[in-house]
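If you count by my numbering, then the sequence shown holds residues 13 to 454, one letter each, in order.
Note that CB positions come from ideal geometry on N, CA and C, so glycine has one too.
Every value quoted in this text rests on a predicted model; they were computed, and no experiment measured them.
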Amino acid sequence: MGTSAILWFRRDLRLADNDALAGALAAAETVAPLWVTPRSTGHGEAHWLAHSLRALDTDLRERGAALTVRTGAAAEALVAFAREHGTRSVHCSRIWTPAGLAEERVVATALEAAGVRLVVSEGSLLVPPDGLATGAGAPYRVFTPYFRAWEQAGLPAGPAEAPERIPGPESIAPSDPLPDRRAGAPDPTSWWTPGEAGAKVRLAQFVDDALEAYDEHRDLPALDGTSRLSPHLAFGEISPRRIVAAVEASGLPAGATRPFVRQLAWREFAAHVLHHHPHTLTTPLRAEFVAMPWRDDAEGFAAWGEGRTGYPLVDAGMRQLAETGWMHNRVRLVAASFLTKHLLIPWQTGARYFAETLVDHDAASNVFNWQWVAGCGADAAPYFRIFNPGLQATKFDPDGAYVRRWVPELAEAKDRGGYPEPIIDHREARERALAAYAAIRG
Ligand code: FAD
């Protein structure tokens with residue numbers, strides 16, 4: 013029997029430009045790919061994962077390997093799998109969240125005790141979260157200088173193609189079934205093709221059809237003006253290196269593509285902030301906000317989640333989220349602002365709801381953006397800048413196409429057609445939010 017390495021797939025469900033895969037192939041004659049299904053997955057992610065893992069298994073089989081699935085704690089599953097295959101090394105990509113790093117430590121210790129080495133690749137970010145620091149050696153808290161340093165860090169070499177052959181071990185240890193689609197969760201296949209092939213097609217379409225006008229269209233939720241690559245990125249089905257390479261190959265001038273590349277840097281800034289301030293998963297970066305007199309409002313929260321606040325843009329967004337697992341960024345901003353300012357419900361409650369429902373959930377981006385909206389994060393919007401959801405709709409959905417798409421009762425009726433009255437008056441809500449903010453400013 014030849015030597016065998018284990019490739020432990022995590023948030024890197026791709027074969028192209030995957031350093032962990034390249035490492036496993038270099039380390040041994042055969043590669044045994046493993047996925048460990050965690051005991052709990054967000055509702056929004058579960059369905060996507062079911063499709064994505066099937067696509068990954070197909071891609072592996074075409075190259076001579078197959079995906080084995082185990083369920084439960086990664087450390088136990090990997091130790092058992094390593095023993096079954098007589099393996100000396102396990103290869104994986106880093107997940108830079110506190111939970112991902114903690115899992116890595118537990119797995120490394122358990123494998124080491126079994127005489128197996130864990131080899132960790134950097135993961136799916138262009139610049140690792142610990143890779144940049146200010147002149148004073150501190151983490152960045154402001155995006156603009158971070159972005160400047162991020163751009164100067166330069167791009168890593170071009171993305172590697174998927175290997176043509178991935179020789180699997182002769183006998184494959186028994187596999188649990190691939191995780192199933194979850195009943196009741198939104199079906200992403202109406203909107204995306206989960207998996208690496210789908211991600212590549214989506215990227216090519218975006219570069220051909222929407223990249224040039226990205227800056228002009230990115231805030232208009234009725235248009236397909238953004239890439240919608242976020243779930244593919246969240247599952248690591250495509251590397252940001254490949255995205256940037258495709259953008260560069262578009263032939264468009266750098267000035268035209270920079271606004272899009274800048275968004276990829278926001279993703280990495282969020283990872284940077286979380287890495288240096290792991291407590292921001294649950295507590296605000298700006299400590300004074302711990303004392304914010306948030307309200308406990310189960311009814312308001314339910315109306316928000318179900319898209320019946322009586323504010324059409326907020327409700328359209330929340331319904332888009334419920335139906336597709338995704339929401340346009342402009343509307344995420346308005347919906348999150350409504351929850352934290354109009355309803356004065358803690359951002360953590362909103363972030364938990366998004367974590368459970370988003371198909372593109374990313375722990376760093378999610379808590380970062382919630383704190384940004386709620387005025388309590390890094391480089392955040394000031395709390396006293398309170399969106400008027402009506403004006404936001406006029407500005408970003410001027411002919412109401414987005415609202416009509418997701419709140420059909422408003423499209424069909426001349427009056428509000430059974431659509432609820434606003435659950436709170438904008439002016440009253442604004443004053444209440446400002447008073448709450450004044451209370452913590454002392
Ligand atoms: P594009 O406009 O095409 O941008 C390209 C990529 O850049 C995105 O796929 C994403 O990876 C990254 N990006 C864009 N905007 C941001 C941003 N503001 N912050 C961080 N990365 C960004 N994004 C997530 O990926 N996961 C989340 O859990 C998440 N939670 C959010 C919560 C709130 C309250 C808000 C306001 C935003 C959140 N975002 C999150 C950021 C943003 O809304 C999405 O990344 C974006 O809408 C995805 O659509 P797209 O792929 O078409 O983006």
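Query: Anticipated Cβ contact below 8 Å, Glu249 with Ala197, distance rounded; Result: With a Cβ gap of about 18 Å, Glu249 and Ala197 do not count as contacting.
Query: Run of the beta strand (DSSP E) containing Ala17, from where it starts to where it stops; Result: 16–21
Query: Closest by C-alpha distance to Ala268, when choosing among Glu96, Leu355, Arg230; Result: Arg230
Query: Classification of Leu403 by the beta-carbon crowding that lies within 10 angstroms, buried from 16 upward; Result: exposed
Query: Residues near Arg82 in its chain [Cβ-Cβ closer than 8 Å; skip 5 each side]; Result: Leu46, Trp47, Val48, Thr49, Ala89, Ala92, Phe93, Ser187, Asp188
Query: Which listed residue (Glu311, Asp409, His63, Met304) has its alpha carbon closest to that of Ala450; Result: Met304
Query: Check: Gly241 C-beta below 7 Å from any heavy atom of the ligand FAD; Result: Here residue 241 is Leu; the residue named in the question, Gly, does not match the sequence. Yes, the Cβ of Leu241 comes within 7 Å of a heavy atom of the ligand FAD.
Query: Coarse secondary structure for Leu46, derived from DSSP in three states; Result: strand
Query: Proximity below 8 Å, CB of Glu173 to CB of Ala363; Result: no
Query: Three or more C-beta pairs below 8 Å linking the segment 285–302 and the segment 348–356; Result: no
Query: Per-residue DSSP class, three states only, for His103; Result: strand
Query: Cβ-based neighbour list, Arg23, same chain, cut-off 8 Å, excluding 5 preceding and 5 following; Result: Ser105, Ile107, Gly112, Gly135, Ser136, Ala246, Phe247, Gly248
Query: First through last residue of the beta strand (DSSP E) which encompasses Leu130; Result: 129–133
Query: Beta-carbon proximity of Pro358 to Trp306, cut-off 8 Å; Result: yes
Query: Endpoints, the beta strand (DSSP E) within which Thr83 is located; Result: 80–83
Query: Beta-carbon proximity check, Leu167 vs Leu138, cutoff 8 Å; Result: yes
Query: The alpha helix (DSSP H) enclosing Val119, as first and last residue numbers; Result: 110–125
Query: Phe281, buried or exposed, once every other Cβ within 10 Å from all chains shown has been counted against 16; Result: buried
Query: Residue span of the alpha helix (DSSP H) that contains Pro252, given as start and end; Result: 252–260
Query: Ala36 to Arg254 span [Cα, whole Å]; Result: 21 Å
Query: DSSP state of Lys407 mapped onto helix, strand, coil; Result: helix
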